[in-house]
Structures are given as structure tokens and as C-alpha cells.
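Start counting the sequence shown at 9; every next residue gets the next number (my numbering).
Where is the CB? At the ideal position from N, CA and C, for every residue including glycine.
Remember, predicted model here, so these are calculated numbers, not experimental data.
All remarks here apply to the structure that follows.
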Amino acid sequence: MGPPLAGVSAAYYTRLEQGQSTGASDGVLDALARALRLSQDERAHLGNLARPPRAGRRPARRAESARPATRRLLAAMDGVPAVVLGLRFDVLAWNPLGHALIAGHLPADAPERPDGRPNTQRILFLDPHTRELYPDWEGEARRAVSSLRVVAGAHPDDRRLAELVGELAMKSGEFAALWSRHPVRRCAFGTKSFHHPLVGPLELDFEMTRLPDSGGQALLMYGAEPGSPSGAALRLLSRETVAFYAP
Numbered sequence: 009m010g011p012p013l014a015g016v017s018a019a020y021y022t023r024l025e026q027g028q029s030t031g032a033s034d035g036v037l038d039a040l041a042r043a044l045r046l047s048q049d050e051r052a053h054l055g056n057l058a059r060p061p062r063a064g065r066r067p068a069r070r071a072e073s074a075r076p077a078t079r080r081l082l083a084a085m086d087g088v089p090a091v092v093l094g095l096r097f098d099v100l101a102w103n104p105l106g107h108a109l110i111a112g113h114l115p116a117d118a119p120e121r122p123d124g125r126p127n128t129q130r131i132l133f134l135d136p137h138t139r140e141l142y143p144d145w146e147g148e149a150r151r152a153v154s155s156l157r158v159v160a161g162a163h164p165d166d167r168r169l170a171e172l173v174g175e176l177a178m179k180s181g182e183f184a185a186l187w188s189r190h191p192v193r194r195c196a197f198g199t200k201s202f203h204h205p206l207v208g209p210l211e212l213d214f215e216m217t218r219l220p221d222s223g224g225q226a227l228l229m230y231g232a233e234p235g236s237p238s239g240a241a242l243r244l245l246s247r248e249t250v251a252f253y254a255p
């Protein structure tokens with residue numbers, strides 16, 4: 009066996025990964041991060057595992073909801089698919105085009121039902137309609153699990169988050185396999201491919217912006233390159249959506 013990695017034993021590193029060693033100094037964590045060439049997200053995740061919150065009674069979290077001002081912002085985003093996600097990836101609100109893009113087969117008022125809201129992690133792995141939406145479903149699944157691990161590492165005491173992970177691991181072998189690989193990455197921007205049932209192929213940029221003082225909520229927005237076939241398809245979907253939502 010070679011020399012210990014970054015001056016610590018393999019057993020000690022394993023305990024860190026499992027959250028069983030809580031006395032690691034910044035120097036040790038930084039040395040590990042350099043030796044393992046961890047990304048910023050992975051370094052932060054390692055820190056969360058090494059320093060979990062102290063045990064104790066914590067106040068119950070209130071049911072999440074999007075602020076009225078955020079809802080007005082969504083309504084004003086004409087031509088831009090937009091969705092508000094909660095800490096655990098529950099859909100708290102969406103504008104008509106956001107609904108039509110990612111889950112048009114679900115009721116438009118689904119986010120208004122706290123006990124039955126769509127959850128982007130759950131529908132990705134358990135909803136066959138959503139699976140068909142992504143030509144590169146495997147890549148989308150890796151991205152989703154990587155993001156979920158970041159949140160789970162930052163909130164290890166969140167019971168509902170743990171229940172979501174447990175449910176997906178029990179019901180989806182693909183999720184369980186990905187989760188066991190420990191991917192960690194905050195996927196806040198990039199490009200996604202869709203094969204939409206109404207307008208066909210779409211190649212859309214996305215940006216996810218954390219909303220301040222919201223308890224971890226984020227605004228997810230999509231857009232197409234001007235003049236591209238995807239831009240034309242998105243405009244077509246917007247027209248179809250306007251007609252559907254018209255009184």
C-alpha cells in the first residue's frame with residue numbers, strides 16, 4: 009500500500025466520507041481537496057460531511073411556498089419557461105410556459121397542492137412521461153443526483169430530504185446506482201436537450217438562481233439561442249400555451 013493520501017490514512021478518509029469523524033481541521037480538509045483534485049462543490053460537500061450540525065431538537069420546517077413577489081415575476085416572464093423549486097426540488101410555482109415545457113402532462117395547479125406537488129427528482133426517475141422528455145436521460149439523471157447530493161450534504165438533518173432519497177433508492181435501481189457513486193456538483197447552468205411531445209427537439213440553455221432569504225429556493229429559467237430552430241420551437245410552444253391557458 010502506498011503512502012497515506014495527503015498525510016492521513018485511508019481509514020480516516022473513509023470515516024470522513026461517512027460523516028463519522030467530526031474533528032478535521034481546515035488544513036486537513038484543504039490537503040485532501042488538493043490531493044483528490046476536488047471541485048469547489050466537492051470541497052464544500054466534504055466540509056459538510058466532516059462537520060455535521062450538532063444534534064439537538066430543531067424546529068419543524070414549514071411547508072414551502074413561493075413569495076407573492078416571486079409569483080408576479082414568474083407571470084411577467086413572457087416567452088421564458090420558468091419554475092420555482094424548493095429546497096428539496098419540489099415545484100413551488102411555474103409559469104404557463106415552464107409548466108408546458110417540463111410537465112405539461114401534469115395538472116397546471118399541481119404546485120398549489122403541498123401534499124402532492126411535482127418533485128423534479130421524483131418525476132425524472134419515476135414518471136415515464138418525463139423520461140421520454142430527455143433524449144439524454146442518463147446525463148440528466150447524473151446531473152440531478154449530483155445536485156441532490158450537494159443539498160443533502162448541506163442539510164444532513166432534513167428528514168423529508170432523507171425520505172426522498174430513501175424513496176428513490178427503493179423505487180429506482182438507476183437512482184440507487186448513481187447515488188452510490190457519490191457524484192457531487194451544483195448544476196446551476198448549462199444546456200439541456202428535450203424532445204417535447206408538442207414541438208419536437210429543443211436545445212435550451214438553463215440558469216438556476218438562488219432566491220435570497222427563501223430557505224434554499226431557486227428560480228430555474230430556460231432560453232433558446234435567437235434565430236435557432238429551438239427558438240422557433242419555443243415560440244410555437246408559447247403560442248400553444250397561450251391558447252391553452254386562454255379563458
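{"query": "Relative to the C-alpha of Glu175, which residue among Ala101, Leu219, Thr199 and Phe133 is closest?", "result": "Phe133"}
{"query": "Of the choices Thr217, Lys179, Ala185 and Pro209, whose alpha-carbon is the least far from that of Arg194?", "result": "Thr217"}
{"query": "Would you please state the rounded distance, in angstroms, between the beta carbons of Leu228 and Leu93? I believe it to be under 8 Å.", "result": "6 Å"}
{"query": "Between Leu82 and Glu215, what straight-line distance do the alpha-carbon atoms span, to the nearest angstrom?", "result": "14 Å"}
{"query": "In the DSSP output, which residue or residues are listed as bridge partners for Phe214?", "result": "Gly198 and Tyr230"}
{"query": "In chain order, what residues of the same chain have a beta carbon less than 6 Å from the beta carbon of Ala74, not counting five sequence neighbours either side?", "result": "Val92, Leu100 and Ala101"}
{"query": "Quick one: grab the DSSP three-state call for Leu100.", "result": "strand"}
{"query": "Restricting to Cα atoms, I'd like to know which of Ala184, Ala160, Thr138 and Val192 is closest to Ala108.", "result": "Thr138"}
{"query": "Here's the rule: buried if 16 or more other CB atoms are within 10 angstroms of the residue's CB, otherwise exposed. What is Pro89?", "result": "buried"}
{"query": "Would Ala149 and Leu186 be called neighbours here (beta carbons separated by less than 8 Å)?", "result": "yes"}
{"query": "Note down, in chain order, each residue of its chain lying with its Cβ closer than 6 Å to the Cβ of Pro71, except the 5 sequence neighbours on either side.", "result": "The identity of residue 71 in the sequence shown is Ala, whereas the question assumes Pro. Pro122, listed in sequence order."}
{"query": "Kindly indicate the opening and closing residues of the beta strand (DSSP E) around Ala90.", "result": "Ala90 to Leu93"}
{"query": "Around the Cβ of Lys200, are there at least 16 other Cβ atoms within 10 angstroms (buried) or fewer (exposed)?", "result": "buried"}
{"query": "What is the rounded straight-line gap between the Cα of Thr128 and the Cα of Pro234?", "result": "27 Å"}
{"query": "Should Ser180 and Leu210 be called a contact, given that it needs their Cβ atoms to be closer than 8 Å?", "result": "no"}
{"query": "Just to confirm my understanding: we take Gly87, look at its own chain, exclude 5 residues before and 5 after, and list those with CB closer than 6 Å. What are they?", "result": "Ser246"}
{"query": "Roughly how many angstroms lie between the CA atoms of Leu141 and Gly112, to the nearest whole one?", "result": "11 Å"}
{"query": "Work out the CA separation of Gly208 and Ala241 for me, nearest whole Å.", "result": "7 Å"}
{"query": "Looking at the secondary structure, which residues open and close the alpha helix (DSSP H) in which Gly181 lies?", "result": "Gly181 to Ser188"}
{"query": "Let's see if you can read the secondary structure: which residues bound the alpha helix (DSSP H) around Gly124?", "result": "Segment: none, Gly124 is in no alpha helix (DSSP H) and carries neither H nor E."}
{"query": "Taking all protein chains shown into account, do 16 or more other C-beta atoms lie within 10 angstroms of the C-beta of Arg80, making it buried, or fewer, making it exposed?", "result": "exposed"}
{"query": "Would DSSP call Pro76 helix, strand or coil?", "result": "helix"}
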